[in-house]
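Participant: Handing you a structure now.
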Amino acid sequence: MRRADRLFRLVELLRARRHATGQWLAEQLQVSLRTLYRDIHDLTLSGVPIEGEAGVGYRLRYRLDVPPLLFSPEELEALLVGSRMVQAWGDAELARSAGAALAKIHNVLPEALKREAQLARLFVPPIGADLLPWLQPLRLAVREHKIVHIAYVREDQTPSQRRLWPLGLFFWGRAWTLIAWCELREGFRHFRVDRIQHLDTLPARFPDQPGRRLNDFFDELEASHGVSIARD
Numbered sequence: 001m002r003r004a005d006r007l008f009r010l011v012e013l014l015r016a017r018r019h020a021t022g023q024w025l026a027e028q029l030q031v032s033l034r035t036l037y038r039d040i041h042d043l044t045l046s047g048v049p050i051e052g053e054a055g056v057g058y059r060l061r062y063r064l065d066v067p068p069l070l071f072s073p074e075e076l077e078a079l080l081v082g083s084r085m086v087q088a089w090g091d092a093e094l095a096r097s098a099g100a101a102l103a104k105i106h107n108v109l110p111e112a113l114k115r116e117a118q119l120a121r122l123f124v125p126p127i128g129a130d131l132l133p134w135l136q137p138l139r140l141a142v143r144e145h146k147i148v149h150i151a152y153v154r155e156d157q158t159p160s161q162r163r164l165w166p167l168g169l170f171f172w173g174r175a176w177t178l179i180a181w182c183e184l185r186e187g188f189r190h191f192r193v194d195r196i197q198h199l200d201t202l203p204a205r206f207p208d209q210p211g212r213r214l215n216d217f218f219d220e221l222e223a224s225h226g227v228s229i230a231r232d
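Sequential numbering from 1 applies to the sequence shown in my numbering.
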């Protein structure tokens with residue numbers, strides 16, 4: 001858990017109880033007491049009204065509220081559907097993060113909007129798990145500019161070995177596609193993630209090279225096919 005997430009979680013735990021012992025808080029956050037004391041000290045310095053009492057524990061001196069989030073019913077449904085899509089179609093780490101983000105939003109919604117969220121009847125069935133193992137390493141490789149080597153089976157069942165610069169992942173209904181710069185073909189190529197048989201993330205990083213960036217792929221796609229993709 002990142003420290004920012006841990007500090008947010010610590011405040012949430014204190015909001016939920018009248019008093020909480022240091023040992024209980026440390027167990028909930030899966031940190032040492034020393035780390036917990038440091039977190040409480042830093043939160044106090046930043047203005048969070050935490051006070052401790054020997055033999056009792058910690059509490060907030062007054063209720064600390066996050067300003068309520070106001071959404072229209074359509075905006076709320078969009079958030080719900082987006083989160084459920086990630087939970088159903090993303091890898092395990094993304095699914096956990098989507099659920100945690102939705103829980104944080106739910107915690108600060110006004111009661112009327114919480115009831116609105118409960119009325120939503122929008123569901124996203126999961127896709128097959130056969131392609132999910134490659135999503136997380138590919139996401140990390142895209143983020144960290146790591147070169148990957150894949151064993152791939154093309155649509156005509158021809159096997160192929162490729163060394164790629166992974167640039168982005170796109171979801172097309174029921175299939176994830178990797179957009180990459182292919183060292184073998186010296187050009188942009190796309191690969192169905194569910195056709196990857198094996199993947200190795202290499203230590204080498206690829207450079208941010210003009211002509212081989214994701215935006216260059218978008219420019220090429222727009223020029224050749226007239227397809228415009230939102231980039232922000």
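All C-beta atoms in this analysis are idealised placements derived from N, C-alpha and C, irrespective of residue type, glycine included. All values reported here derive from a predicted model rather than from experimental measurement.
In terms of residues, what are the limits of the alpha helix (DSSP H) holding Glu53?
Facilitator: Note, Glu53: premise wrong, no alpha helix (DSSP H); beta strand (DSSP E) at 50-53.
Participant: Could you tell me the distance, in whole angstroms, from the CA atom of Arg185 to the CA atom of Arg163?
Facilitator: Rounded to the nearest angstrom, the two C-alpha atoms are 10 angstroms apart.
Participant: On the three-state DSSP scale, how would you describe Ala120?
Facilitator: In the structure shown, Ala120 sits in coil (DSSP, three-state: anything other than H, G, I, E or B).
Participant: Between Leu138 and the rest of its own chain, which residues show a CB-CB distance below 8 angstroms, the 5 nearest in sequence each way excluded?
Facilitator: Only Val148, Pro166, Leu169, Leu178, Val193, Leu199 meet the Cβ criterion.
Participant: In three-state DSSP terms, what is Val153?
Facilitator: Strand at Val153.
Participant: Relative to the alpha-carbon of Glu51, which residue among Ala78, Ser72, His19, Gln23 has its alpha-carbon at the smallest distance?
Facilitator: Checked all of Ala78, Ser72, His19, Gln23; the closest Cα to Glu51 is His19.
Participant: My output table needs one value for Ala230: the three-state DSSP class, helix, strand or coil.
Facilitator: Coil at Ala230, not helix or strand.
Participant: For Val56, which three-state DSSP category applies?
Facilitator: Looking at Val56 - three-state DSSP - the assignment turns out to be coil, as it is neither helix nor strand.
Participant: Which value, in whole angstroms, describes the spacing of the CA atoms of Thr21 and Asp216?
Facilitator: Going from the Cα of Thr21 to the Cα of Asp216 covers about 55 angstroms.
Participant: Could you compute how far the alpha carbon of Pro203 sits from the alpha carbon of Lys146?
Facilitator: The alpha-carbon atoms of Pro203 and Lys146 are separated by roughly 7 angstroms.
Participant: Alpha carbon to alpha carbon, how far is Asp156 from Lys104? Give it in angstroms, no decimals.
Facilitator: Between Lys104 and Asp156, the C-alpha separation is close to 46 angstroms.
Participant: If you follow the alpha helix (DSSP H) that Leu138 is in, where does it begin and where does it stop?
Facilitator: 135-144 is the extent of the alpha helix (DSSP H) around Leu138.
Participant: What residue range is occupied by the uninterrupted alpha helix (DSSP H) comprising Ser160?
Facilitator: First-last for Ser160: 159-172, but that is the beta strand (DSSP E), not the alpha helix (DSSP H).
Participant: So, is Ser228 buried or exposed, given that buried needs 16 or more other C-beta atoms within 10 angstroms?
Facilitator: Looking at its Cβ environment, which holds fewer than 16 other Cβ atoms inside 10 Å, Ser228 is exposed.
Participant: Less than 7 angstroms separating the Cβ of Arg2 from some heavy atom of the ligand FAD?
Facilitator: Annotation note on the ligand FAD: not contained in the displayed structure, which lists no ligands.
Participant: Quick one: Cα of Val124 to Cα of Trp89, how far?
Facilitator: Taking the straight line from one Cα to the other gives about 9 angstroms.
Participant: Could you compute how far the alpha carbon of Ala223 sits from the alpha carbon of Leu80?
Facilitator: Roughly 35 angstroms between the two C-alpha positions.
Participant: Nearest to Asn107 by CA position, among Glu12, Val31, Asp5, Asp219, is which residue?
Facilitator: Nearest C-alpha to Asn107: Glu12.
Participant: Kindly list the residues whose CB is nearer than 8 angstroms to the CB of Arg17, restricted to its own chain and excluding five residues on each side of it in sequence; keep chain order.
Facilitator: Result list for Arg17: Arg59, in chain order.
Participant: Between the Cα of Gly173 and those of Pro126, His190, Glu111, spot the shortest distance and give me the residue it belongs to.
Facilitator: Out of Pro126, His190, Glu111, Pro126 has the C-alpha closest to the C-alpha of Gly173.
Participant: Between Leu25 and Leu43, which are expected to be in contact by the criterion C-beta below 8 angstroms, what is the C-beta distance as a whole number of angstroms?
Facilitator: Between Leu43 and Leu25 the Cβ distance is about 12 angstroms, and since that is not below 8 angstroms, they are no contact.
Participant: Can you tell me whether DSSP reads Val148 as helix, strand or coil?
Facilitator: Here Val148 sits in strand by DSSP.
Participant: Tell me whether Val56 is buried or exposed, calling it buried when 16 or more other Cβ atoms sit within 10 Å of its Cβ.
Facilitator: When all chains shown are included, Val56 counts as exposed.
Participant: Between Ala141 and Glu77, how many whole angstroms is the CB-CB distance? I'm expecting something under 8 angstroms.
Facilitator: No, Ala141 and Glu77 are not in contact; Cβ-Cβ is about 33 angstroms, not under 8 angstroms.
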